[in-house]
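Its first residue numbered 92, the sequence shown is counted upward by one per residue in our numbering.
Positions of the beta carbon are idealized from the N, C-alpha and C atoms, including for glycine.
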Amino acid sequence: MPDNDLAKAEMKDIANLSKRRGFVFQSSEIYGGIGSVWDYGPLGVELKNNVKREWWKRMVYRRGDVEGLDSAILMNPEVWKASGHVSSFADMLVDCKDCKRRFRIDHLKEPKCPECGGALTDPRSFNLMFKTQVGTVEGQGIDVYLRPETAQGIFVNFANVVVSSRKKLPFGIAQIGKSFRNEITTGNFTFRSREFEQMELEFFVKPGEDEKWYEYWLAERMDWYLSLGIRKEKLRLREHASDELAHYAKSCHDVEYLFPMGWSELEGIANRADFDLNQHAKLAENGQVLKYFDDSIGESYFPYVIEPSGGVDRAVLAFLIDAYRKEVVRERERVYLALDPRLAPIKVAVLPLLKNRPEIVEMSGKILEGLKAKAMYRAVYDDTAAIGKLYRRQDEIGTPLCVTVDVESLTDGKVTVRDRDTMVQERVDASSLEAIVEAKIGY
Numbered sequence: 092m093p094d095n096d097l098a099k100a101e102m103k104d105i106a107n108l109s110k111r112r113g114f115v116f117q118s119s120e121i122y123g124g125i126g127s128v129w130d131y132g133p134l135g136v137e138l139k140n141n142v143k144r145e146w147w148k149r150m151v152y153r154r155g156d157v158e159g160l161d162s163a164i165l166m167n168p169e170v171w172k173a174s175g176h177v178s179s180f181a182d183m184l185v186d187c188k189d190c191k192r193r194f195r196i197d198h199l200k201e202p203k204c205p206e207c208g209g210a211l212t213d214p215r216s217f218n219l220m221f222k223t224q225v226g227t228v229e230g231q232g233i234d235v236y237l238r239p240e241t242a243q244g245i246f247v248n249f250a251n252v253v254v255s256s257r258k259k260l261p262f263g264i265a266q267i268g269k270s271f272r273n274e275i276t277t278g279n280f281t282f283r284s285r286e287f288e289q290m291e292l293e294f295f296v297k298p299g300e301d302e303k304w305y306e307y308w309l310a311e312r313m314d315w316y317l318s319l320g321i322r323k324e325k326l327r328l329r330e331h332a333s334d335e336l337a338h339y340a341k342s343c344h345d346v347e348y349l350f351p352m353g354w355s356e357l358e359g360i361a362n363r364a365d366f367d368l369n370q371h372a373k374l375a376e377n378g379q380v381l382k383y384f385d386d387s388i389g390e391s392y393f394p395y396v397i398e399p400s401g402g403v404d405r406a407v408l409a410f411l412i413d414a415y416r417k418e419v420v421r422e423r424e425r426v427y428l429a430l431d432p433r434l435a436p437i438k439v440a441v442l443p444l445l446k447n448r449p450e451i452v453e454m455s456g457k458i459l460e461g462l463k464a465k466a467m468y469r470a471v472y473d474d475t476a477a478i479g480k481l482y483r484r485q486d487e488i489g490t491p492l493c494v495t496v497d498v499e500s501l502t503d504g505k506v507t508v509r510d511r512d513t514m515v516q517e518r519v520d521a522s523s524l525e526a527i528v529e530a531k532i533g534y
């Protein structure tokens, strides 16, 4: 394992690797791009899907007290009035009179432009929600918003889930979906984006039991990141001070990761009390259905809510940064991604030692088809370079295992399996490959 100094990843290292190897591209780059909007390439979409899959398995499949949901991006605009987003979801911004750059006031250390030192305009309020219209005739539609969070889709469906799933408190509703915020960009690659995905759980509990469950979810969410390989020293919990709590929060902690630009939020875990259900009950046409009838005491009340809310894109970025390794092997630099095998975009690569031998190519193809038969994971074939270069290519994208087919394989039925992290090579029967790969990736 390389030492921490040699393995340290700068954001430019991750951005360069991401574009070169097909993890992340600038959106609409051929037209000059658009700020803070990103496309996930062939490897990026696999990594992103794997992160979401592991979250869903942990939060839904392995529990008996959580149901899933996929609510719409467009909602009745009254939802955002009730939630407080229309009136309070804004940043105070200033513009530089000289270079015309725009900044959030709370990000400035001095009352002057951090870029050129110029004078700043008076602060103005800037709403972070994207507005559009529903209706086929221009100017005659109704104003709606692209949702800035997925949580409200859960709250307005609370009664529907209770009735259809027959859940009793405590229970949760989980959702992964797109959200949109008209952010003032601060760079740092994909860390802050205008279009992003959230992994959110709203966990409903009896009032008075909220603190117990709040502590439970703090520990549970930290453990998820650690279980997928994030180094413990790069992760911490930070409690919000009273003056930084959101309008809905009774208390809140951030799971923070030590990004190259410093400690920054990876996920928020909030005790939202009964704010959201109460607000929707006041303004909705049939808001009283949002109360929960507790048949153990014969009373109805608004449950309290504990909310672990994480960003898919920030998680992907953190996993990439944390997995980045650089070392010198036989006087040559080797870069590899020590991704947990469950997250790795490609699980196994089949590499023929000699591509000019049809028998080796044929055997390699049959092995690949056997590995892909169940379609449980991504397996690939590559014969576009010498074997050493092929190994380095797979190392750099985080592929846990490489399988090499050589001349001896044609007679003894054995292949060489190489481990990404240790570079140890082992000769095994080709018939055992499926079991070896599944054991490695935990399937």
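Of the listed residues the options, nearest to residue i (C-alpha basis)
{"i": "VAL253", "options": "HIS198, ASP385, LEU328", "result": "ASP385"}
{"i": "ALA250", "options": "TYR392, GLY135, ILE196", "result": "TYR392"}
{"i": "ILE164", "options": "GLN289, VAL115, GLU300", "result": "GLN289"}
{"i": "ILE245", "options": "LEU292, ALA521, ARG483, GLU206", "result": "LEU292"}
{"i": "GLU390", "options": "PRO298, TYR427, LYS191", "result": "PRO298"}
{"i": "PRO168", "options": "LYS139, LYS480, LEU199, PRO239", "result": "PRO239"}
{"i": "ALA337", "options": "HIS198, ALA310, ARG215, PHE366", "result": "PHE366"}
{"i": "ALA310", "options": "LEU328, GLY401, GLU324", "result": "LEU328"}
{"i": "GLN370", "options": "TRP354, TYR339, ILE397, SER387", "result": "TYR339"}
{"i": "LEU199", "options": "GLU324, CYS190, LEU184", "result": "LEU184"}
{"i": "ARG484", "options": "LYS463, ASN447, ARG425", "result": "ARG425"}
{"i": "ARG423", "options": "GLY320, LYS480, PRO261", "result": "LYS480"}
{"i": "LEU492", "options": "GLU306, LEU445, ASP431, ASN107", "result": "ASP431"}
{"i": "LEU411", "options": "GLU286, LEU428, LYS531, PRO214", "result": "LEU428"}
{"i": "LEU445", "options": "VAL496, GLY461, LEU462", "result": "VAL496"}
{"i": "MET535", "options": "GLU356, MET102, ASP234, TRP308", "result": "Nothing can be reported for residue 535, as the shown portion of the chain is limited to 92 through 534."}
{"i": "ILE388", "options": "GLY353, GLU306, LYS259", "result": "LYS259"}
Close-in-space but distant-in-sequence residues of the same chain around residue i (CB under 7 Å, 5 per side omitted)
{"i": "PHE221", "result": "TYR236, LEU237, PHE271, ASN273"}
{"i": "ARG312", "result": "VAL346, GLU358, ILE360, PRO399"}
{"i": "TRP315", "result": "ARG149"}
{"i": "ARG469", "result": "GLU137, PRO436, ILE437, LYS438"}
{"i": "ARG112", "result": "LEU134, GLU487, ILE488"}
{"i": "THR281", "result": "VAL115, TRP129, ASP404, LEU408"}
{"i": "ILE527", "result": "VAL508, VAL519"}
Chain D contact for residue i (CB, 7 Å cutoff)
{"i": "ALA526", "result": "Given the protein chain composition of this structure (a single chain), no chain D is represented."}
Assigned secondary structure, residue i (DSSP; H/G/I helix, E/B strand, else coil)
{"i": "GLN516", "result": "strand"}
{"i": "LEU349", "result": "strand"}
{"i": "SER342", "result": "strand"}
{"i": "ARG193", "result": "strand"}
{"i": "GLU356", "result": "strand"}
{"i": "ARG469", "result": "coil"}
{"i": "PHE282", "result": "coil"}
{"i": "THR495", "result": "strand"}
{"i": "VAL115", "result": "strand"}
{"i": "GLY159", "result": "strand"}
{"i": "LEU184", "result": "strand"}
{"i": "TYR383", "result": "strand"}
{"i": "GLU424", "result": "strand"}
{"i": "MET290", "result": "strand"}
{"i": "ASN95", "result": "With a pLDDT of 43 at ASN95, under the threshold of 50, the modelled position of this residue cannot be trusted, and the question is left open."}
{"i": "GLY132", "result": "coil"}
{"i": "LEU108", "result": "helix"}
Neighbour-count burial assignment, residue i, 16 or more Cβ in a 10 Å radius
{"i": "THR241", "result": "buried"}
{"i": "CYS187", "result": "buried"}
{"i": "TYR131", "result": "buried"}
{"i": "VAL420", "result": "exposed"}
{"i": "SER109", "result": "buried"}
{"i": "ARG509", "result": "buried"}
{"i": "SER523", "result": "exposed"}
{"i": "SER255", "result": "exposed"}
{"i": "SER174", "result": "buried"}
{"i": "PRO449", "result": "exposed"}
{"i": "PRO443", "result": "buried"}
Sequence-distant residues of the same chain with beta carbon closer than 8 Å to residue i, five excluded per side
{"i": "GLY124", "result": "GLN117, SER118"}
{"i": "SER284", "result": "SER127, VAL128, TRP129, GLU274, ASP404"}
{"i": "LEU317", "result": "LYS323, LEU326"}
{"i": "GLU206", "result": "CYS187, CYS190, ARG192"}
{"i": "LEU459", "result": "VAL441, ALA470, VAL471, TYR472"}
{"i": "ALA375", "result": "GLU169, ALA173, VAL247, LEU381"}
Cβ neighbours of residue i in the same chain (closer than 6 Å, five flanking residues each side left out)
{"i": "GLY232", "result": "GLN224, VAL225, GLY226"}
{"i": "HIS331", "result": "CYS343"}
{"i": "GLY155", "result": "none"}
{"i": "MET467", "result": "TYR534"}
{"i": "PHE294", "result": "GLY263, ILE397"}
{"i": "GLU286", "result": "VAL128, PHE271"}
message = Tell me whether the region 414 to 432 and the region 360 to 377 touch, counting them as touching only if at least three CB pairs, one residue from each stretch, are closer than 8 Å.
response = no
message = If contact is defined by three or more beta carbon pairs under 8 Å, each pair taking one atom from either stretch, is the region 258 to 274 in contact with the region 157 to 169?
response = Touching, per the Cβ criterion.
request  = Assess, as a yes-or-no matter, whether the region 365 to 385 is touched by the region 345 to 353 under the definition of 3 or more beta carbon pairs within less than 8 Å.
outcome  = no
ask   = How about the region 488 to 506 and the region 450 to 457: do they share at least three Cβ pairs that are nearer than 8 Å?
value = yes
ask   = Do the region 503 to 517 and the region 464 to 475 make contact, defined as three or more Cβ pairs closer than 8 Å?
value = no
ask   = Is the region 129 to 146 close to the region 295 to 311, with three or more CB pairs under 8 Å?
value = no
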